[in-house]
Amino acid sequence: MGLFSLLWGILAMLWMVLALIPVIGITNWLLIPFAAIGALIAAIGIALTSPGKRGRAKAGLVLNGIVIVVAVVRLSMFGGLL
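Here the sequence shown is numbered in UniProt numbering, starting from 1 and rising by one per residue.
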């Protein structure tokens, strides 16, 4: 689960970079739930793995969290339209 959440976070981060383009910014509405699912997968991965193997899941959780914060800030800056 850790590797899956890390890959999910990388994909969400790439999508976030694309969503920073002004006209495509409305895709942040879809990006937030996508990254939230990735964060949920990472949290499950952290809970189910042994303490020595949680690094990838933690990295996935951090990446997805960063994506969620940036997407929310981006939407709040322009009223959720751009």
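Here a beta-carbon is modelled for each residue, glycine too, at the ideal position from N, C-alpha and C.
- Annotation: the continuous alpha helix (DSSP H) that includes K58 extends over 55-77.
- Boundaries of the alpha helix (DSSP H) around S5: 2-19.
- In summary, M16 is buried, with 16 or more beta-carbon neighbours lying within 10 Å of its beta-carbon over all protein chains present.
- L48 carries a helical assignment under DSSP once its states are collapsed to helix, strand and coil.
- About 16 angstroms separates the CB atoms of A47 and G65; that is not less than 8 angstroms, and the two are not in contact.
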